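Just so you know, we're using our numbering here: the sequence shown kicks off at 15 and counts up by one. Below: the structure, in structure tokens.
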Amino acid sequence: MQRNEGVAYLALGFGRTIVDGEKCLRISPEYPTILPQFYSTRSTKENTQNQFYALPLKAKDKVDSDLLSYDLKDAEEDGSLKWIGSVISHEDNTMRDSLSTLGTRVVSFAPILKWDTIPLASLAKEMLSIGKKALGLSS
């Protein structure tokens, strides 16, 4: 990994998580399957996103502010965690790229980054290239 290759920050929900400097996933678009902050299961639990910001859609949740903070269990209940979540199994302390196991839920973007179900890393590389050109930097 080279610093000139760039970095992308990924989070569940609205970008407030990233803008406010909260826990999110950092990836190198060149090497999207290498996640340095997940070097151990303990590190993964400590460094993973555990809440997200979303618009309140239920009348009882409506408040004065636009965005509310929700727990990952809410994302699992509405189905959105299925596409970006993994589980650290309580049984053998390993990370599984499925929510079908009991354990700690983590935001890993594994289905997208490992299996390229959405070409997110390629899109990030393209955006970095466009940004470099716009700033007059070599690509």
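Ideal Cβ positions, reconstructed from N, Cα and C, are used throughout, including at glycine. In this text the structure is predicted, and so the values were computed from the model without any measurement.
In whole angstroms, what is the alpha-carbon distance linking residue i and residue j?
i	j	result
I32	L81	14 Å
P133	S143	16 Å
N61	E44	21 Å
T47	K72	36 Å
Y84	M15	34 Å
W97	T131	9 Å
D92	K37	21 Å
M109	P125	13 Å
S103	R119	9 Å
F66	E90	12 Å
S152	Y53	32 Å
L86	R17	31 Å
G145	G20	11 Å
M141	R30	20 Å
E105	K59	15 Å
In its own chain, which residues sit with a C-beta less than 6 Å from the C-beta of residue i, not counting the 5 before and 5 after it?
i	result
N107	T55
So residue i and residue j are supposed to be a Cβ contact under 8 Å. How far apart are they, rounded?
i	j	result
D88	S100	The Cβ separation is near 17 Å, so there is no contact.
L1	L95	Nothing can be reported for residue 1: it is not among the residues displayed for the chain, which extend from 15 to 153.
L39	V121	6 Å
So, using beta-carbon positions, are residue i and residue j closer together than 8 Å?
i	j	result
A25	Q51	no
A135	L127	yes
A68	F28	yes
Looking only at its chain, what residues have a beta carbon closer than 7 Å to the beta carbon of residue i, apart from the 5 residues adjacent to it on each side?
i	result
A22	I41, P43 and A138
S57	Q51
*Run through the stretch 19 to 56 for me and flag every whole alpha helix (DSSP H) of 4 or more residues, listed as ranges in chain order.*
Taking only runs of at least 4 residues, the alpha helix (DSSP H) segments lying wholly in the stretch 19 to 56 are 30 to 33.
*asked:* As an exercise, report each continuous alpha helix (DSSP H) stretch of at least 4 residues that is fully enclosed by the stretch 56 to 121, in chain order.
replied: 86 to 92
*Within the stretch 124 to 151, ranges of the alpha helix (DSSP H) (whole runs, at least 4 residues)*: The alpha helix (DSSP H) runs lying completely inside the stretch 124 to 151 and spanning 4 residues or more are 124 to 127 and 134 to 148, given in chain order.
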